[in-house]
Amino acid sequence: MSITKWQRPDFWGLSPVRRMASFRDEVDNLLNLAFARLGGPPTDPERGSQFLEGWFPAVDVYEDKDNLLVRAELPGMKKEDIEISLHEGFLTLSGERKGQETQEGAETYRSERWLGRFNRTISLPCSVVPDKIKATYTDGILAVSLPKAEEAKPKQIPISVK
Amino acid sequence: MNAVEQKEESPASAQPVDTERDFITPEVNIVETKEGYVLEAEMPGVTKDGLDISLEDNVLTLVGRRTPGPVGTSLYRESQTADFRRVFELDPSIEGEKINARIEQGILTLTLPKAEKVKPRKITVG
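Top line first, the protein sequences correspond to chains A and B. Counting with the working numbering, you get residues 7 to 168 for the letters of the first sequence. Counting with the working numbering, you get residues 176 to 301 for the letters of the second sequence.
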């Protein structure tokens with residue numbers, strides 16, 4: 007097991023307004039952890055829970071007639087560092103974002119970007135065809151397309167009027 | 176000396192268009208090297224065409240517009256739709272004409288080179 011460097015945003019480097027907002031977010035996150043983490047997906051619309059869990063990338067779920075689409079904001083990753091797995095109706099996105107080697111004599115002014123591992127698990131709202139899942143990674147967005155299983159698709163039964 | 180510092184935003188100086196829409200402040204890393212500064216900003220979902228970088232009187236404004244999300248019904252949403260925007264005040268030692276920008280997998284990287292020689296100021300005693 008390797009030890010991952012964990013970075014927090016430079017709190018005092020932020021403007022007073024941002025500091026206040028940052029503080030508010032952390033208080034919100036604590037409350038969310040206490041009350042919202044009892045089960046099911048997190049209900050916090052903002053990127054909650056960074057406070058204790060490290061990197062918590064935003065995830066969206068969309069659907070159309072034939073597919074579910076899970077979209078995650080993962081800027082600055084390498085394709086090979088992203089892992090996707092499906093287990094009993096739960097889709098797990100995980101991976102690691104590595105920092106760049108800092109040059110000798112380089113001085114850091116701001117370090118707000120999160121590095122390290124992330125892990126998000128989403129309960130899929132319907133059954134999907136595991137063999138036909140496709141994923142793309144462009145512009146820092148991971149898009150996983152999951153075709154719905156036949157039984158999960160809406161069915162249209164034509165009824166003729168007599 | 177903090178050569179690349181964030182400029183406090185005041186609504187009065189913002190453009191009329193900007194006051195009507197919300198922006199998200201992208202997370203940035205700023206590193207100083209011998210040659211200059213490197214600024215990285217997280218802008219997931221922004222392509223080259225959605226970038227708007229301007230430099231005016233040492234004030235650097237970064238705007239990243241997102242490409243529209245997928246069509247379909249949203250079942251669960253954590254991401255935000257607002258565009259990215261952040262403003263920095265640059266140290267005069269940075270050569271504005273030589274600023275270079277690229278965006279790769281949602282990370283905007285700006286290289287801000289320092290002037291070869293920071294010109295000495297002449298002070299005349301009256």
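Where is the CB? At the ideal position from N, CA and C, for every residue including glycine.
The contact set of L80 of chain A on chain B, defined by CB atoms closer than 9 Å, consists of P219, Q280 and G281 in chain order. D137 of chain A and I163 of chain A have their C-alpha atoms roughly 28 Å apart. Rounded to the nearest angstrom, the Cβ distance from A64 of chain A to E253 of chain B is 4 Å, consistent with a contact under 8 Å.
Using a Cβ-Cβ cut-off of 8 Å, I90 of chain A does not count as an interface residue toward chain B, since no Cβ of chain B sits closer than that to its own. Interface flag for I147 of chain A against chain B is set, since a Cβ pair is found closer than 8 Å. The contact set of A112 of chain A on chain B, defined by CB atoms closer than 7 Å, consists of V206, E207 and T208 in chain order.
Assignment of P243 of chain B by DSSP, reduced to helix, strand and coil, places it in the coil class. Spatial neighbours of T114 of chain A in its own chain (CB-CB distance under 8 Å, excluding positions within 5 residues in sequence) are listed in chain order as T108. Counted as a single uninterrupted DSSP element, the stretch harbouring A290 of chain B is not any beta strand (DSSP E), since DSSP gives it neither H nor E. Under the Cβ criterion of 8 Å, R119 of chain A is counted among the residues facing chain B. When the five nearest sequence neighbours on each side are left out, the beta carbons in the same chain lying within less than 7 Å of the beta carbon of G281 of chain B are those of E217, M218, P219, G220 and V221, in order along the chain. One thing to note: P153 of chain A has its Cβ no nearer than 8 Å to the Cβ of V167 of chain A. When DSSP reads this structure, F124 of chain A sits in a beta bridge with A:G101. Taking a Cβ-Cβ threshold of 8 Å, the residues of chain B close to E69 of chain A are G247, T248 and L250, in chain order. Contacts with chain B at 8 Å (Cβ-Cβ) do not include M26 of chain A.
Neighbours of Q109 of chain A across chain B, judged by C-beta separation under 7 Å: T208. In the structure shown, the three-state DSSP call for R252 of chain B is coil. In the structure shown, G220 of chain B falls within a coil segment according to DSSP collapsed to helix, strand and coil.
For D87 of chain A, the three-state secondary structure derived from DSSP is helix. Under the 8 Å Cβ criterion, the segment 136-151 of chain A does not count as touching the segment 119-127 of chain A, having fewer than three qualifying pairs. A direct Cα-Cα distance of roughly 35 Å separates D70 of chain A from E32 of chain A. Of all residues in the segment 119-143 of chain A, those with a C-beta nearer than 8 Å to a C-beta of chain B are R119, W120, I128, P131 and Y143, reading in chain order. Under the three-state reduction of DSSP output, F62 of chain A falls in the coil class, being neither helix nor strand.
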